[in-house]
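Residue numbers (our numbering): 1 to 374.
We put the beta carbon where it would ideally sit given N, CA and C, even for glycine.
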């Protein structure tokens with residue numbers, strides 16, 4: 001787990017803290033793609049806490065896929081306002097997926113960015129959060145003729161191509177226009193599979209395209225991929241990482257590390273399939289990511305909390321229509337039903353997270369001495 005960083009932040013350890021490592025990396029690159037699994041509270045809280053340090057290092061943008069690009073003007077206004085507006089903040093997440101993504105910790109990232117801006121001198125540049133999301137399916141149930149807007153073929157037809165690939169081009173283009181053309185720097189928080197750079201993954205025999213793939217082809221070493229523990233979806237590799245960290249003499253609570261200089265970088269991948277530089281080869285962590293962020297093992301993860309009072313008299317009709325586009329039925333959904341669907345969704349967040357391989361119990365030993373029959 002060693003690296004060559006000469007850092008005295010923690011006595012007896014050369015490891016950097018997670019925040020110090022991310023800030024240093026972001027200050028040396030134009031873009032850092034920070035891969036995660038959705039809904040892990042500790043990871044989102046870390047992002048909130050590191051914003052002032054990123055700003056001091058000259059990184060004035062956080063980009064993410066958790067608000068839509070079509071609401072960028074409203075997002076900029078929220079972060080520049082004199083008073084924090086909880087309703088306007090919540091509406092940004094409602095616009096993303098209706099009732100489907102209304103989590104407190106993500107809202108706290110925006111509140112932290114607003115608080116940072118309030119602390120700056122009037123002449124200082126403002127910190128921005130840039131929304132990369134966009135509608136990936138028909139939102140009006142009247143246009144669907146009873147079909148679900150979540151159907152893959154319907155999404156592909158509506159978007160004029162595979163929604164995953166179209167989303168990648170949209171996000172890369174938004175980053176270019178909102179950050180790169182002005183010479184800005186950004187940390188980009190998104191799901192792990194969107195952040196691959198050199199690695200090209202395959203789906204049903206066809207190469208996929210990610211935001212990171214597109215940006216790396218253009219920017220080369222100007223973009224780096226950092227991943228939270230668990231963002232590389234390989235359960236055996238995650239188990240090996242946790243074993244190495246448990247055995248490390250430093251016993252760190254959190255750290256960030258450059259993978260090509262670390263023992264962790266040599267951890268082999270068995271479940272990630274893809275090609276590097278056009279060639280299929282066995283992969284290690286340092287082949288697929290530049291840096292690793294550790295905030296705790298998988299067992300320590302907790303799901304994000306729900307924002308309270310999302311469904312109101314004013315927005316109920318809109319939210320009901322949005323949800324009926326996903327789950328069609330003849331009768332409208334009721335307010336208690338929508339609230340229960342929010343609760344159920346939050347309870348299932350951890351179902352999408354990486355899990356460690358199940359521990360196989362040794363076979364029961366047979367008694368060599370059989371009991372005599374009387």
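Asked                                                                                                          : Found
Contact check, residue 186 vs residue 31, beta carbons under 8 Å                                               : yes
Beta-carbon proximity check, residue 267 vs residue 288, cutoff 8 Å                                            : no
Rounded separation between residue 250 and residue 119 - CA only                                               : 36 Å
Proximal residues to residue 374 (C-beta, below 6 Å), its chain only, five neighbours per side dropped         : Unreliable placement is indicated for residue 374, whose pLDDT of 44 sits below 50; the coordinate value is still reported in the next sentence. Closer than 6 Å at Cβ, skipping near neighbours: no residue.
Residue burial classification, residue 64 (beta-carbon count within 10 angstroms, cutoff 16)                   : buried
Span separating the alpha-carbon of residue 19 from that of residue 82                                         : 28 Å
Simplified DSSP state of residue 17, which is helix, strand or coil                                            : coil
Per-residue DSSP class, three states only, for residue 203                                                     : strand
Test item: CB-CB of residue 88 and residue 97 under 8 Å                                                        : no
Buried versus exposed, by CB contacts within 10 Å (16 or more), residue 169                                    : exposed
Closer than 7 Å: residue 56 CB and nearest the ligand MG heavy atom                                            : The ligand content of the structure shown is nil, which means the ligand MG is not present either.
Secondary structure of residue 39, DSSP reduced to three states                                                : coil
Pairwise C-alpha distance: residue 349 and residue 43                                                          : 14 Å
Backbone CA spacing between residue 17 and residue 292 [nearest angstrom]                                      : 11 Å
Nearest candidate by alpha-carbon position, reference residue 29, set 50, 114 and 183                          : 183
Same chain only: Cβ atoms within 7 Å of residue 11, ignoring 5 sequence neighbours per side                    : For residue 11, the predicted model reports a pLDDT of 40, less than 50, meaning its position is unreliable; a value from the coordinates is still stated below. Closer than 7 Å at Cβ, skipping near neighbours: no residue.
Beta carbon of residue 51 nearer than 8 Å to that of residue 252                                               : no
Meets three-Cβ-pair contact criterion under 8 Å: the region 210 to 228 and the region 157 to 168               : yes
Close Cβ partners of residue 316 (< 7 Å) along its chain, the five nearest in sequence each way excluded       : 335
Completely contained beta strand (DSSP E) runs for the region 257 to 291, where each covers 3 or more residues : 274 to 276
Three-state secondary structure (DSSP) of residue 307                                                          : coil
Whole-angstrom distance between residue 113 and residue 222, CA atom to CA atom                                : 25 Å
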